[in-house]
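**Q** I am attaching a structure below and will ask some questions about it afterwards.
Residue numbers (our numbering), protein chains in the order written: chain V, 35 to 147; chain E, 5 to 121.
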């Protein structure tokens, strides 16, 4: 069964610090991998979309990396801000099952002042 | 632009009741989607539509129905509500969801929190 697993489940860091969130997937073949940010009580908002041939993509202080050989992706957040407190969700697009999106459960990130 | 709007924001239903969750987008997107999000789980696709008059089942369609009479609106109907349908429901839209290397991002509404008791 195609799966997307994220770690850690939750993370608390101090404002200004960096952090890295992990995403492991079994979806194969896949066409692209996405990272979304979801604030509490809101819908997800897209951060990055990477095709299988891309290794890294940045969006401001967010940098996503992808290793298609090991089926791993990471989202690195630099100089964290209080507004970064949210859930971060990894999503993989499955080419075999009608291009369905497989959603991870997310990592809940809390930034403390 | 308002983006994707959903109503209501909250609703409590009794078992066996029915209701319609409304979703409207003003971005002229062809593709629209309904997801449910349960605690600690990834989003699950209920139904999706590739354009007015065209709908298709997602991963978890049982107990739900949809229609797409216009580009803007994509209501989700719950018939005979059950406790298992307690969840947060999100509507989303996107441009043509290219079935290739390039895909367009999905824009989400604020969600409807539904409790069935």
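Note that CB positions come from ideal geometry on N, CA and C, so glycine has one too.
Roughly how many angstroms lie between the CA atoms of residue 29(E) and residue 70(E), to the nearest whole one?
**A** Here residue 29(E) refers to the residue found at position 25 when the second chain is read from its first residue. Here residue 70(E) refers to the residue found at position 66 when the second chain is read from its first residue. Residue 29(E) and residue 70(E): Cα-Cα distance of roughly 15 Å.
**Q** Whose Cβ in chain V lies nearer than 7 Å to the Cβ of residue 47(E)?
**A** Against the second chain, residue 47(E) aligns to sequence position 43. The contacting residues are 137.
**Q** Would residue 76(V) pass as an interface residue toward chain E - the criterion being a Cβ-Cβ separation below 8 Å?
**A** By 1-based counting over the first chain, the position of residue 76(V) is 42. It does: the Cβ of residue 76(V) has a partner Cβ on chain E nearer than 8 Å.
**Q** Can you pull the chain V neighbours of residue 44(E), defined as C-beta to C-beta under 7 Å?
**A** The residue given as residue 44(E) occupies position 40 in the second chain. Those are 139, listed as they occur along chain V.
**Q** Using three-state DSSP, classify residue 115(V) as helix, strand or coil.
**A** Indexing the first chain from 1 puts residue 115(V) at position 81. Correct three-state label for residue 115(V): coil.
**Q** When you compare each of 112(E), 31(E), 18(E) to residue 90(E) by their alpha carbons, which one comes out closest?
**A** The residue labelled residue 90(E) in the question sits at position 86 within the second chain. The shortest Cα separation from residue 90(E) among 112(E), 31(E), 18(E) belongs to 18(E).
**Q** Shorter than 8 Å from the beta carbon of residue 126(V) to some beta carbon of chain E?
**A** Within the first chain, numbered from 1, the residue matching residue 126(V) stands at position 92. Closer than 8 Å: no.
**Q** Could you tell me whether any Cβ in chain E is nearer than 8 Å to the Cβ of residue 121(V)?
**A** What you label residue 121(V) is simply residue 87 of the first chain in a count that begins at 1. No - not a single Cβ of chain E is within 8 Å of the one on residue 121(V).
**Q** May I ask you to list, following chain order, the residues of the stretch 47-61 of chain V that have a beta carbon less than 9 Å from some beta carbon of chain E?
**A** Under the 9 Å Cβ criterion, the stretch 47-61 of chain V contributes no residue.
**Q** Taking all protein chains shown into account, decide if residue 80(E) is buried (16 or more other Cβ within 10 angstroms of its Cβ) or exposed.
**A** Numbered from its first residue, the second chain carries residue 80(E) at position 76. Per the 10 Å Cβ criterion, buried.
**Q** Could you name each continuous beta strand (DSSP E) segment of 3 residues or more that falls completely within the stretch 45-109 of chain V, going from the start of the chain to the end?
**A** Correct list: 53-59, 64-72, 79-85, 90-93, 96-101.
**Q** Which residues in the same chain have their Cβ closer than 7 Å to the Cβ of residue 62(E), if we skip the five residues on either side of it in sequence?
**A** Numbered from 1 along the second chain, position 58 holds the residue referred to as residue 62(E). Here the set comprises 49, 50, 51, 52.
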